[in-house]
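S.K.: Quick one: the structure is below, and I'll ask about it shortly.
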Amino acid sequence: MSDAPSTPAKKVNRLGLDLASYRGSKTTLCAGCGHNAITERIIDAFYEMGIDAKKVLKLSGIGCSSKSPAYFLNQAHGFNSVHGRMPSVATGAMLANASMMAIGVSGDGDTGAIGAGQFMHLMRRNLPIIYIVEDNGCYGLTKGQFSPTADQGSKAKNGVVNELPPLDLCALAIELGASFVARSFSGDKKQLLSILKAAIAHKGTCLIDVISPCVTFNDHEGSTKSYAYVKDHDEVLGEVTFVPYFEDINVEYEAGSTTNVKMHDGSHLYLRKIAEDYNPSDKMAAIHLLHDTARRGEFATGVFYIEPDKEDFTTSLNMVDTPLAFLTTEQVRPPKAVLDQLMDGLK
Amino acid sequence: MSDAPSTPAKKVNRLGLDLASYRGSKTTLCAGCGHNAITERIIDAFYEMGIDAKKVLKLSGIGCSSKSPAYFLNQAHGFNSVHGRMPSVATGAMLANASMMAIGVSGDGDTGAIGAGQFMHLMRRNLPIIYIVEDNGCYGLTKGQFSPTADQGSKAKNGVVNELPPLDLCALAIELGASFVARSFSGDKKQLLSILKAAIAHKGTCLIDVISPCVTFNDHEGSTKSYAYVKDHDEVLGEVTFVPYFEDINVEYEAGSTTNVKMHDGSHLYLRKIAEDYNPSDKMAAIHLLHDTARRGEFATGVFYIEPDKEDFTTSLNMVDTPLAFLTTEQVRPPKAVLDQLMDGLK
Amino acid sequence: MSVVNDFTIQVATVNGSGSQTANLVLLRSIFQMGVPVSGKNLFPSNIAGLPTWFTIRANHRGYIARKKEIDLLVAMNPETAKEDVLSLEPGRTVVYDEPLKLNALRDDLKFYPVPFDKIVAEVCPDAKLRRLVKNMIYDGVLARLLSIDLAEMEKALGKQLGKKPKAMELNGNALKAGFKYASENFEATDAYKIERLNKTAGQILVEGNAAAAMGCMFGGATVVAWYPITPSSSLPESLIGYLRKYRMDKQTGKATFAVVQAEDEIAAIGMVLGAGWAGARAMTSTSGPGISLMSEFAGLSYYAEIPGVIFNVQRVGPSTGLPTRTAQGDILFAALNSHGDTRHPLLLPGSVEECFSMAIDSFDLSERLQTLVYVMSDLDLGMNTWMSPTFTYPDKPIDRGKVLDEAKVRELGASWGRYKDVDGDAVPWRSLPDTKAPSFFTRGSGHNAMAVYSERPDDYQNNLDRLARKFVTAKSMVPAPVVNLRNGAKIGIVAYGSSSFATEESRDQLREQHGIETSYLRLRAYPFTADLDDFIRRHERVYVVEQNRDAQMLGLMKMDLDASLITKLSSVLHYNGLPIDARSITDGILAKEGK
Amino acid sequence: MSVVNDFTIQVATVNGSGSQTANLVLLRSIFQMGVPVSGKNLFPSNIAGLPTWFTIRANHRGYIARKKEIDLLVAMNPETAKEDVLSLEPGRTVVYDEPLKLNALRDDLKFYPVPFDKIVAEVCPDAKLRRLVKNMIYDGVLARLLSIDLAEMEKALGKQLGKKPKAMELNGNALKAGFKYASENFEATDAYKIERLNKTAGQILVEGNAAAAMGCMFGGATVVAWYPITPSSSLPESLIGYLRKYRMDKQTGKATFAVVQAEDEIAAIGMVLGAGWAGARAMTSTSGPGISLMSEFAGLSYYAEIPGVIFNVQRVGPSTGLPTRTAQGDILFAALNSHGDTRHPLLLPGSVEECFSMAIDSFDLSERLQTLVYVMSDLDLGMNTWMSPTFTYPDKPIDRGKVLDEAKVRELGASWGRYKDVDGDAVPWRSLPDTKAPSFFTRGSGHNAMAVYSERPDDYQNNLDRLARKFVTAKSMVPAPVVNLRNGAKIGIVAYGSSSFATEESRDQLREQHGIETSYLRLRAYPFTADLDDFIRRHERVYVVEQNRDAQMLGLMKMDLDASLITKLSSVLHYNGLPIDARSITDGILAKEGK
Ligand SMILES: Cc1ncc(C[n+]2csc(CCOP(=O)(O)OP(=O)(O)O)c2C)c(N)n1
Ligand SMILES: Cc1ncc(C[n+]2csc(CCOP(=O)(O)OP(=O)(O)O)c2C)c(N)n1
Ligand code: SF4
Ligand code: SF4
Ligand SMILES: [Mg+2]
Ligand SMILES: [Mg+2]
């Protein structure tokens, strides 16, 4: 009403939407679960980037992590599919409608164990998707068994020791052909947000391995995925500040030794190097870094590898602009003459 | 009979067996198929190493390649299992009887496509097995579709172009933790035999990627897996000569810049380096080499990586010496007192 | 006196020896002479060097099912020649490679030795090409022996080889050389003869997989995810060819489809469900091992109500089994495919024509029911060459079922719920991403009618009950069986799929040779419609003919039918991996009839 | 007058709030007082924060199935408290957290408000621990209200917490504080009472998964490959505990087993088959989604004849469904599990005791038949706490079936063939690697009786027929049904698995409350034995009780039974995800009986 007292303008993004419009249902995860912090950063990133949630597809497998898509972007369609198979479901969905933006959330069990094959092939295809692994080194939803990213030698609450070396999903993703590979920590708000925003601007597979402690099952001594351990051993590769194309280039970040990566959509990503000679377009250097830090029992974080111009899978399929989902009978059914011609050939 | 004319002594190995004892059934593969040459080398290697075929388990998935186990070591039990799942079957078999030696034969489709997940986890476990991928860049048995090791840009006979980059199974195996990783070419008798003999002496996962042209479906222009192409582009990393512990150390090989690797069973493997600084115990160097050669469109061959002392999976399980398969009722059924104790605890 | 237009030729070769062209030319030349034919390839599970048998049946009455007995054997394979010859009925004819000396084996057959190597050396100077060209010689010999017009053979060869002048010339010469050799060396035989008829006009020759592929193209498939497997691969591979040719947008040259060779069948069905969920008409094609691997996703699709089409070109079980042997062995497993209470509709094409039409219909059915539809073809139907009337262009536009558009969104308003039965047919309205319709979150069974997460027992049970009602609705959407009632027939026969042609032939045998009239119901879909009940009720005894050991369709029928009807049913089964033949059915029925 | 030893307590909390200890102490204290009990946990599919209901039924007659009606509610969860209270029958009792003010909701219930936070603050100085200890207070309150001996509660607490003095002290204090509060504030109630009985002597309390795990250990399992999944995980996890404790070789300290957490269910079953093939007693444990994924390998095992045991702790369908809800929903799918003609034997444990004994028997059965055996447990049986007689130590040594030893090799000589039926029971002799027996090559169905590669139709069919005969042999090896015939009963009931206890209770209801006598056949295995035919023949109408929508066991029965028997059968189904209860069965039967 016109005579209502004026309230301070609600903060909105470039689409005129407030942060709340990017939220999802109430979480049913444990209080303090790293996955919830990641959910928050996803909300922030889509809000800050001003993405239309109706243009987003949310996909997941099964696990505590895979429940997350229900907790952000209520306006987006979501699909909690089966264990380890998010990659194929996402691939199909993006073929049906390549104009969408896909975000897939998985767990280290979902991706590294049962889903390892699909993970490999999604990376190889460079499907345009933000593929987040909420990595807690255990199977949260089934009560804490070791996952393939559990640290060698760490001890579960029941006393069983993990004898196997962890998979390094980032090193694998780089080897397999993903065009954007990063790692962060669920508790590192700033870095995770920057990486997510950069991923939103990238077209191709963005594998983001987010160390995300399971407070219930994996927050025990011996596990490197617990909060305390990670905080001590978290080697930050570089601070990431993202400059989206719809904002002023004038972003606060410290000058210094930077690598300016041109993103797919024309925006730029600046990486502040800690290692003097680090170059995110050099695969070997990235793998080197990952092996080196891993050998020291540390986690490298940051964006390890970017290949902004690598052709993504949907583009390579040379599909018509209208999403396949919306083609009409006329567009998908050749005329009778074609059938006649085919029949003639078989007579 | 004593009065029979003396015949020249049949050539036998240390077990007194001739080469024929190591053969299998007649091959049903195409004449000229690379897989047949590999079969021959396997026969040679087991013969020369004097392995008791009754102590060998032959395992495979499905494909032309996976048929091969029927064509060697008739004395060994063999299991042609399901597509892509040889790794799990082999794992189970080795748990049942860890005193056996396992040889698994797979194809690039069997391993790189449907079997990618099991491949990863077998490598990670370092299961003691000689895991041979007969790699022809196509699905032979289903008539020539592209496999995940097909070269990017190569054209199948039906004109379809492969848009995806090939998986490098060796680089992946190294990343995943296999303790012996090599590549050879089915037509390179000497190198392949040496590698196989070295693998026989190694305890742990030996991943051997053998480029093996499919003469029927993949021997066309544009494919790098055809004989002609491979011969031209085959970059030999080093000649491998193996000195098994039951033969004289006095083996013919040229001196020079060599790396002497001590094998699991005490025998030695000498690598003749082409690259002056190559060291098969350095993961990063191996990955580097693979990336570099791949970038140049070449195949590196040779033994890329060896970690002779890495604990293998069956050892880590700390099983009794008698194979589990042969334990008696007394050994596997605790006495009644145990049941009584358990019942008391539940009263 | 000679047998005219009613005999079976079997060519025994080795696979990879290039006999396919010769066999198809032979087949087609008979077809061109107006005589109904069918061709069946019995091939081994390897690529080259193992025995293969190609069987051509010519039959003036139009029987195109397999016939057990071979009348004329072309023995090119030394490995099987002896057994092949020994298994012939007396009085039959053998054309063979001279060095095999097969004539020594029996004296109750007619033998025609041909020195293939000698002849080929004369017509083909390039030694490397001789292996390929050699087979054409037996076509020439047969043209002479069977009185097939050589011009028809040359025409068929042209059709087969297209615009390859060099190949045409070489093969044409071999053909003529064979003809010449036979003319000069064999007295004109009267045993078997092709005479011109007028029974193939308006007919085509095609494999079921190619027919299905055409159906998929005209059915508007947009996303195809597949993994190679025999005997399914030729379906998606044909489809790729058709799509690339006929489904590129005229203006932009871009594709109105996406085809992906997935990394395995789990990924293929995952892509299908992802695509179906996001609004594509998605499909995959596989065989039994793939169906097994797709089980988990199949259950999800049933509960989450996602459309998609699975072509199951059946082969015998299990994996590592005999991929080149046919069966109708996945009926039960596909209908029930997944853990938990799950049912899937099956379409049962009984001809190559239905491979085409049911492929088209399957997409509509799947979207209208919002569930996976299995099209149950098999190796015999899919990979063998069948005569068929030309296919009919679809007369209705594509039906995408209940997809919310803006008008419907306005109409339903807040009362819309993704899993709410607003129309009383148990089929809810679905909402696609990237439209004005409301979004929702898709899960398996943990939801209420509004698609909100729920673990409530009543929500779960209500949903299960609605899904059961939806399966009843399906009965009104699936194709009804084809029923042929005979006056006074006490016996009914139920068959389906590739058993159909043999069953029809068997009915003629029963009537003509044994005086037994039978009625016939050809199932075309599961769930069953009331027609089946009616049919059984009308007859005293009903035989269910299937190509599996476990009477699988009968099993499904027993689960659904009233017990009083079940008492009338029994099975005639054929399950040795070869296509079923009429005589086996006839014998099976006679045995059960106590005759 | 109060109800003695016959009522149901429901504790409504939030999961992750540490109520499990309190609930088990309550359960056990009643058990210790000699009163039969059972405990059921209805929990959500997440880890913390969602509603959970633990239900304890005390019943002097020994009924241990679920009872629908709740008599005493402990309402700790604000989210569900209102609905929980509203759904109670009049006259029932509610203990609740005082701030919830539930007494305002109804006036036909007895309300006992308890200020939990106040009390816990007094007994637990460390604020961080209070959440955990708080629940013990309601145990104290109930001890007072239900006249449970506080000493029994303390004993039960000791059993639960073991040697943790600090926890004992804290919880003990909370218990006492609850008791004290109730004593001081509530007039002694007469509504429900526990009085000492003598009906639990010699009984134990245990979950089915733990019982099965013990069975696996005593059954001599040597290779265990598994993948976590609710409600199966606790079976292999218990087994790991037992094996590590009781199956280490005394001399060497080494393991007589290998346990592998596989990367998924396909790998798990692959390992089982690899191990079974090489001679281990191998097993896996999973639930529906895993069964779906194992389908392909299951078919291979059937044809290649490899032993192995699969525990299927069933939950409702599909994947992404409700993993914490129970069902008997995989019966059909497991029995038929794979493409092609395939049948698997099922064992159907009907109690925790049978979870133990059938686990032992399953390994023998599997090795004797050389095929996979499915042990069909379910969430209710596997994860809930059941009273049971103590288990019996196996009286026969392990039976490994027909494995060639040196003597047998000599006896059979060259006549041995891996797939040859030498004994007429269709079970061939198998040869293990690393023995003196001949080696052979294992494949799916492409082999003859000598295990030589073959694509011959007769070899294929002969093998299929032998496998079918082997399934007939299985009838003589599986446990027979348990039959209880009543004189003059016209009605028979068939049930199996976790439906058994409710069915037995229902029979009492039918007899005592409705004057209907019933006979009972409890199935213990598939394939069915002749006992089933006999039973049906003896009765006019037979009701098949199951916990699924699609009458799955009835479906299997229809496939096997003579049609004349099928006319007598109909279903009583329960499929809302909760364990079946006697009243539902009774009502179902009464409705069908027209009463
Ligand atoms: C086929 C199948 N197997 C097993 C399960 C059980 N399951 C559910 S979630 C999960 C693991 C989850 O681990 P992760 O992906 O790391 O997610 P987290 O819960 O740790 O976030 C498993 C094994 C399943 N749902 N489906
Ligand atoms: C589950 C399943 N899917 C598909 C197939 C069909 N199939 C048999 S072999 C094969 C591929 C073989 O390729 P590769 O492993 O490279 O072996 P190659 O024949 O090239 O040696 C496929 C797809 C199958 N047997 N099982
Ligand atoms: S169990 Fe672990 S991963 Fe799951 S919600 Fe709780 S803290 Fe998060
Ligand atoms: S098809 Fe290719 S891979 Fe198969 S046997 Fe022939 S040459 Fe070898
Ligand atoms: Mg995890
Ligand atoms: Mg290959």
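Protein chains in written order, with this note's numbering: chain A, 207 to 553; chain B, 207 to 553; chain C, 265 to 859; chain D, 265 to 859.
The C-beta atom is built at its ideal place from N, Cα and C for all residues, glycine as well.
Every value quoted in this text rests on a predicted model; they were computed, and no experiment measured them.
Specify the secondary structure class of histidine 324 of chain C as computed by DSSP and reduced to three states.
M.R.: In the third sequence, residue 324 of chain C corresponds to position 60, counting from 1. Histidine 324 of chain C falls in the coil class under three-state DSSP.
S.K.: Starting from the beta carbon of glutamate 504 of chain B, find every residue of chain A whose beta carbon is closer than 7 Å, and list them in chain order.
M.R.: Within the second sequence, the letter at position 298 stands for residue 504 of chain B. Near glutamate 504 of chain B there are no residues of chain A at all, since even the closest Cβ is about 17 Å away, more than 7 Å.
S.K.: Which of the three DSSP states, helix, strand or coil, is assigned to asparagine 332 of chain A?
M.R.: Position 126 of the first sequence, counted from the start, is the residue given in the question as residue 332 of chain A. The answer is coil: DSSP assigns asparagine 332 of chain A none of H, G, I, E or B.
S.K.: Does any CB atom of chain D fall closer than 9 Å to the CB of tyrosine 790 of chain C?
M.R.: For the purposes of this step, residue 790 of chain C is identified with residue 526 of the third sequence, where counting begins at 1. No, its Cβ sits nowhere closer than 9 Å to a Cβ of chain D.
S.K.: Starting from the C-beta of leucine 393 of chain C, find all residues in its chain whose C-beta is less than 7 Å away, skip the five residues before and the five after it, and write them out in chain order.
M.R.: As a working mapping, residue 393 of chain C is identified with position 129 in the third sequence. Contacts found: Leu434.
S.K.: Can the beta-carbon of lysine 684 of chain C be found less than 9 Å from the beta-carbon of proline 692 of chain C?
M.R.: Here residue 684 of chain C refers to the residue found at position 420 of the third sequence. Here residue 692 of chain C refers to the residue found at position 428 of the third sequence. The answer is yes: Cβ separation under 9 Å.
S.K.: Do glycine 346 of chain B and ligand 4 come close, with the Cβ less than 8 Å from some heavy atom?
M.R.: The count along the second sequence starts at 1 and reaches residue 346 of chain B at position 140. Under cutoff, so the answer is yes.
S.K.: Please list the partners that leucine 402 of chain A has in chain B, where partner means a Cβ-to-Cβ separation under 8 Å.
M.R.: Within the first sequence, the letter at position 196 stands for residue 402 of chain A. Within 8 Å Cβ-Cβ: nothing; leucine 402 of chain A doesn't reach chain B, min ~26 Å.
S.K.: With a threshold of 9 Å between beta-carbons, can serine 630 of chain D be considered close to chain A, or not?
M.R.: Your numbering for residue 630 of chain D matches position 366 in the fourth sequence. Chain A contact via Cβ: absent.
S.K.: In the DSSP output, which residue or residues are listed as bridge partners for tryptophan 541 of chain D?
M.R.: What you label residue 541 of chain D is simply residue 277 of the fourth sequence in a count that begins at 1. Per DSSP, none; premise fails for tryptophan 541 of chain D.
S.K.: Mind checking whether the beta-carbon of histidine 289 of chain A lies closer than 8 Å to any heavy atom of ligand 1?
M.R.: As a position in the first sequence, residue 289 of chain A is number 83, starting the count at 1. Yes; taking the cut-off as 8 Å, the Cβ of histidine 289 of chain A has a heavy atom of ligand 1 nearer than that.
S.K.: Quick one: what does DSSP say glycine 282 of chain D is sitting in, helix, strand or coil?
M.R.: On the fourth sequence, residue 282 of chain D is found 18 positions in, with the first residue counted as 1. Of the three classes helix, strand and coil, the one that applies to glycine 282 of chain D here is coil, per DSSP.
S.K.: Please tell me whether glutamate 453 of chain B has its Cβ less than 9 Å away from any Cβ of chain C.
M.R.: Looking up residue 453 of chain B in the second sequence gives position 247. Any reading at glutamate 453 of chain B needs caution, since the residue's pLDDT is 34, under 50, leaving its predicted position unreliable; the model's value is listed next. No, glutamate 453 of chain B lies away from the interface with chain C (no Cβ there is under 9 Å from its Cβ).
S.K.: Any chance the CB of threonine 861 of chain D is under 8 Å from a heavy atom of ligand 3?
M.R.: In the structure displayed, chain D extends from 265 to 859; residue 861 of chain D sits before or after that span and is not available.
S.K.: Would you give the residue range spanned by the beta strand (DSSP E) that aspartate 518 of chain B belongs to?
M.R.: For the purposes of this step, residue 518 of chain B is taken as residue 312 along the second sequence, with counting starting at 1. Element bounds for aspartate 518 of chain B: n/a, residue is neither H nor E.
S.K.: Using a C-beta cutoff of 9 Å, does serine 703 of chain D count as contacting chain B?
M.R.: The count along the fourth sequence starts at 1 and reaches residue 703 of chain D at position 439. Yes, contact with chain B.
S.K.: Can you give the Cα-Cα distance for proline 661 of chain C and alanine 356 of chain B, rounded to whole angstroms?
M.R.: Along the third sequence, one-based indexing puts residue 661 of chain C at 397. Along the second sequence, one-based indexing puts residue 356 of chain B at 150. One C-alpha to the other measures close to 40 Å.
S.K.: Report yes if the CB atom of glycine 811 of chain D is closer than 9 Å to the CB atom of serine 770 of chain D, and no otherwise.
M.R.: For the purposes of this step, residue 811 of chain D is identified with residue 547 of the fourth sequence, where counting begins at 1. For the purposes of this step, residue 770 of chain D is identified with residue 506 of the fourth sequence, where counting begins at 1. Residue 811 of chain D is actually glutamine in this sequence, not glycine. Not in contact: glutamine 811 of chain D and serine 770 of chain D (Cβ atoms no closer than 9 Å).
S.K.: Measure the C-alpha to C-alpha separation of isoleucine 757 of chain C and valine 808 of chain C and round it to an integer number of angstroms.
M.R.: Sequence index remark: in the third sequence, residue 757 of chain C carries index 493 (1-based). Sequence index remark: in the third sequence, residue 808 of chain C carries index 544 (1-based). Each residue's Cα considered, the two are about 6 Å apart.
S.K.: Consider the Cβ of glutamine 351 of chain A: report whether some Cβ of chain B lies at a distance smaller than 9 Å.
M.R.: Against the first sequence, residue 351 of chain A aligns to sequence position 145. Taking Cβ atoms only, chain B never reaches closer than 9 Å to glutamine 351 of chain A, which makes this a no.
S.K.: Which first and last residues belong to the alpha helix (DSSP H) in which methionine 417 of chain D is found?
M.R.: Here residue 417 of chain D refers to the residue found at position 153 of the fourth sequence. Looking at the DSSP string, the run of the alpha helix (DSSP H) that includes methionine 417 of chain D is 414 to 425.
S.K.: With DSSP collapsed to three states, give me the class of phenylalanine 443 of chain D.
M.R.: Along the fourth sequence, one-based indexing puts residue 443 of chain D at 179. Of the three classes helix, strand and coil, the one that applies to phenylalanine 443 of chain D here is helix, per DSSP.
S.K.: Can you list, in chain order, the residues of the region 823 to 851 of chain D whose Cβ is nearer than 7 Å to any Cβ on chain C?
M.R.: Under the 7 Å Cβ criterion, the region 823 to 851 of chain D contributes Met823, Ala827, Ser828, Ile830, Thr831, Tyr839, Asn840, Gly841 and Leu842.
S.K.: Between the region 234 to 250 of chain A and the region 543 to 558 of chain D, can you find at least three pairs of beta-carbon atoms closer than 8 Å?
M.R.: no
S.K.: For asparagine 437 of chain C, which of helix, strand or coil comes out of DSSP?
M.R.: Residue 437 of chain C sits at position 173 when you count from the first residue of the third sequence. Note: asparagine 437 of chain C maps to helix in three-state DSSP.
S.K.: Just to confirm the assignment: which complete beta strand (DSSP E) runs, minimum length 3, are found wholly within the region 322 to 380 of chain A?
M.R.: 335 to 341
S.K.: Counting Cβ pairs, one atom from each stretch, are 3 or more of them under 8 Å apart for the region 225 to 235 of chain B and the region 308 to 319 of chain B?
M.R.: No contact exists between the region 225 to 235 of chain B and the region 308 to 319 of chain B.
S.K.: Across the region 673 to 684 of chain D and the region 489 to 502 of chain D, are there enough close Cβ pairs to call them in contact, namely three or more that are closer than 8 Å?
M.R.: no
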